[in-house]
Each structure stands twice: as structure tokens, then as C-alpha cells.
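Visitor: Okay, handing you the structure first.
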Amino acid sequence: MKSLTLSLSIILSASLQAADKPAHSAVTPEPRSGGWMKRHESFNQRVAKGNVDLIFIGDSITHAWESSGKAVWAKHYAKRNAVNLGIGGDRTQHVLWRLDNGNIKNIRPKAAVIMIGTNNSGDGRSTAEEMIDGVTAVVDKLRAKLPKMEILLLDIFPRGQRINAQRGKILQVNQVLSRLDARPHVTFLRIGHNFVSPDGTIAKDIMPDFLHLTPKGYEIWAKSIEPTLARLMGE
28 MKSLTLSLSI
38 ILSASLQAAD
48 KPAHSAVTPE
58 PRSGGWMKRH
68 ESFNQRVAKG
78 NVDLIFIGDS
88 ITHAWESSGK
98 AVWAKHYAKR
108 NAVNLGIGGD
118 RTQHVLWRLD
128 NGNIKNIRPK
138 AAVIMIGTNN
148 SGDGRSTAEE
158 MIDGVTAVVD
168 KLRAKLPKME
178 ILLLDIFPRG
188 QRINAQRGKI
198 LQVNQVLSRL
208 DARPHVTFLR
218 IGHNFVSPDG
228 TIAKDIMPDF
238 LHLTPKGYEI
248 WAKSIEPTLA
258 RLMGE
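So this is what it looks like as C-alpha cells:
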């Protein structure tokens, strides 16, 4: 426990000094190509039509609200004028680019649900400190562009059937990200533990590949955020 506390202190201290550090990949806006750009442009076309009260921002786990989570989305979010801005494979740097290039242009949502960062966590990608910087940059950009919108920042979900090094890294990141809750219009909510069994494992009926969600997993997600989301949307 002392070791984890020390590690978190070091990460937090370094992250708070981010302004003095050179930019790294997790905070440097970067586009992707191929089908990614086509989906990005489809988001721009959708938001240009207006009538957007709620946005979900993220990677493949958010993207799949349109497949595995489709029925749950229809039940909980369709009536709320929600728009899914998730793209499979995205890291923080890709979301930053999208936010600068039309995905939230001329809209005034009541709230945004953000869950991003798991794709930054792989070996050779981003350190825990860089992941924190990346997610923080996404939150800060949203706050700058949509200052009156409420932001519901979720913890990065656990991955892997059992406790492993990558889960440990994600836990460290989430511990520091929780401090963003102190910022105006930002609410940090931990729901990842709801996908994990008491023995620390993740069941296949929730995450078949121990990363992406089944319909049951999306129902857990929706129910876990509902009271907080309803409050943030003024319902």
C-alpha cells in the first residue's frame, strides 16, 4: 500500500507540472485515416443538424453503443437527444483532434460522458503520467469550448480477465484522474468495479474479450451512471 501511495504521489506531482513539460503523443492532437475519417465527418454532419443535449465521447467501448449496446441506448438515451462520438481504436490524442475539427462545433449539450484512455495504456504507448495528461487535456479542451456543459468523466474501465499489470496501471491513472472532480462542471465517477466479480475476475457475459462489453455490460454502464447523469442534465 505504501508503494502504491508513493507511486500515486509521484504521478500526481509530475502531472501537476505538465505545463512545464514538452508535449508528448497523448496530448498532441492527431488524426487517423481511412474509415476513421469517414466516421469523424459523419459526426460533423450530425452535430450540424443541432438538437444535441447529450454526447458520449470515447473509443471502441463507446462506439459499440451502436451495436452491442444498441437496445440499452434506445431505452436510456435516444429520448435525450444523445449523440455517440465514439470511434474504435481512439486514444486521447485522436479525441483531441476531433474536438478541434468539428465534432462539437456550434452545439450546446447539457452534458458529456467521457471514457477514454484504455488504448493509451498498452506497452510502448503512454506512461501512466502521459495517460493522465491526455485525459486531462480532453477534459480541459471540452471545458474551454463548452464552458457551461456538465462533464461526467468515467474511470477507465478494467481490462483483462484477472488482475494484471495493465489493470494496475489503469488503477493508478484513475486515482489521479479522480482529482479532476474538483474542477468546475466536472464530475468524476467510478463505475469500473461494477464489471468485476468479488474475486477480481471479469465474467465473459459482461466482457467477452475482457475489454469490450456485452448488452449486459452496457446495461450495467447505463444503470451505474443514471442517477448522476440525470442530476447533471437537470432532470
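Numbering-wise (the working numbering), the sequence shown opens with residue 28 and increments by one.
For glycine and all other residues, C-beta sits at the position ideal for the given N, C-alpha and C.
Pull up the distance between the alpha-carbon of Q44 and that of S148, whole angstroms please.
Guide: The pLDDT assigned to Q44 is 48, lower than 50, so where the model puts this residue is not dependable, and the model offers no usable value.
Visitor: Among residues of its own chain, excluding the 5 on either side of T255, which ones have a beta-carbon nearer than 8 Å to its beta-carbon?
Guide: Hits under 8 Å: L179, T214 and L216.
Visitor: In terms of residues, what are the limits of the beta strand (DSSP E) holding F215?
Guide: Counting along the chain, the beta strand (DSSP E) containing F215 begins and ends at V213 to L216.
Visitor: Which residues in the same chain as V122 place their Cβ atom closer than 7 Å to its Cβ, once the five residues preceding and following it in sequence are excluded?
Guide: Answer for V122: I84, I143 and V165, listed in chain order.
Visitor: Please report how far the alpha carbon of R170 lies from the alpha carbon of S224, in whole angstroms.
Guide: C-alpha separation (whole angstroms): 35 Å.
Visitor: Using the Cα positions of V140 and V203, report the straight-line distance between them to the nearest angstrom.
Guide: Roughly 18 Å separates the two Cα atoms.
Visitor: Going residue by residue through the stretch 62-121, where are the continuous beta strand (DSSP E) segments of at least 3 residues, counting only ones entirely within it?
Guide: Qualifying beta strand (DSSP E) stretches, in chain order: 81-85 and 109-113.
Visitor: On the CB-based measure, 16 or more other CB atoms within 10 Å of its CB, does S95 come out buried or exposed?
Guide: By the neighbour-count rule (16 or more Cβ atoms within 10 Å), S95 is buried.
Visitor: Go through its chain and collect everything with a Cβ distance to V99's Cβ below 7 Å, but skip five positions before and after it.
Guide: Within the same chain, V99 has close Cβ partners P242, Y245, E246 and A249.
Visitor: How many Å lie between K172 and N71 at the Cα?
Guide: Computed Cα separation, rounded: 15 Å.
Visitor: Classify S60: buried if its beta carbon has 16 or more other beta carbons within 10 angstroms, exposed otherwise.
Guide: Exposed.
Visitor: Does any residue of chain C bring its CB to less than 7 Å from the CB of T154?
Guide: The question asks about chain C, but that chain is absent: this structure has only one protein chain.
Visitor: Contact defined as beta carbons within less than 8 Å: I believe K196 pairs with A155. What is the distance between those atoms, to the nearest angstrom?
Guide: About 5 Å separates the two Cβ atoms, so the contact holds.
Visitor: Taking the straight line between their C-alpha atoms, what separation do you get for V206 and I159?
Guide: The sequence shown places Arg at residue 206, rather than the Val named in the question. Straight-line Cα distance between these residues: approximately 11 Å.
Visitor: Which class does L180 belong to by DSSP, given the choice of helix, strand or coil?
Guide: Note: L180 maps to strand in three-state DSSP.
Visitor: Who are the Cβ neighbours of E262 in its own chain at under 6 Å, not counting the five residues just before and after it?
Guide: No residues qualify anywhere along the chain.
Visitor: Between the beta-carbon of I190 and the beta-carbon of T145, is there less than 7 Å?
Guide: It is not a contact, given that the beta carbons lie outside the stated cut-off.
Visitor: With a threshold of 16 other CB atoms inside 10 Å of the CB of M64, please say whether the residue is buried or exposed.
Guide: Result: exposed.
Visitor: Using 7 Å as the threshold, is the C-beta distance between G62 and T89 below it?
Guide: No; because the gap between Cβ atoms is not below 7 Å, this pair is not in contact.
Visitor: So A138 packs on E177, CB below 8 Å; how close in whole Å?
Guide: Rounded, the Cβ-Cβ distance is 4 Å, consistent with contact.
Visitor: Quick one: give me the first and last residue of the beta strand (DSSP E) that M158 is part of.
Guide: Looking at the DSSP string, M158 is not in any beta strand (DSSP E); the run it does join, the alpha helix (DSSP H), is A155 to K172.
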